[in-house]
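**Q** One point on numbering: in numbering that gives the first Met the number 0, the residue at position 17 of the sequence shown is 16, and numbering is uninterrupted. Just so you know, even glycine gets a beta-carbon here, dropped at the ideal spot from N, CA and C. Source: prediction; values computed, not measured.
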Amino acid sequence: MTGEENLMVDYERVRDFFNLDECEKERDLLILQSAQESVENYLDRKLCIVEYICIQKIQDRRIILEELNPVELVRILDLSARQSVNTDCHLDGRKLYFFDGRLENHEILARYTAGFTKETLPQDLAECIMNVFMHKSECARKRIKGGLEIKDYKIL
């Protein structure tokens, strides 16, 4: 069975909203997981918190991180000086600004996390996942009623 801990939208909330049967929980969890993956594929990013590593050279006292919405910087290493960086920096979207001008043109390794928790997931993304779930769930029910067995149905 699909783990509910990997879902960004609480299954109980979905079950109550759509008035789902408890006996179809396993199927509904698979459809909900598929709906979340569809939204992630459309956005081209994971919604759950993931740790990333970025290696770049500081130019104009900044680097551009690869992932959107970094949540927290875990650690910064100066690869040029081969030491940990304990300097003030400012995170603005994907841009990480360094106040210490001595780091200019140094290559650094930044470890950071990006993504959302269930509590911080924006409401519009949660609604999008639920809308995709509704569509996929309706398609699954139509196929099952049309004579296909559940084991023959593959969620795309």
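1. Pull up the distance between the alpha-carbon of V49 and that of D27, whole angstroms please.
2. Where does L19 fall in DSSP's three states?
3. Compute the Euclidean distance between the alpha carbons of N130 and V70, then round it to the nearest angstrom.
4. Have a look at K24, L29, E137 and L72 and flag the residue whose alpha-carbon is nearest the alpha-carbon of A109.
5. Would the stretch 29 to 44 count as touching the stretch 87 to 97 if we require 3 or more Cβ pairs under 8 angstroms?
6. To which residues does DSSP link F97 through a beta bridge?
7. Assign L46 to one of three DSSP states: helix, strand, or coil.
8. Tell me the rounded alpha-carbon separation between C138 and D20.
**A** Reading off the structure:
1. 25 angstroms
2. coil
3. 26 angstroms
4. L72
5. no
6. C88
7. coil
8. 17 angstroms
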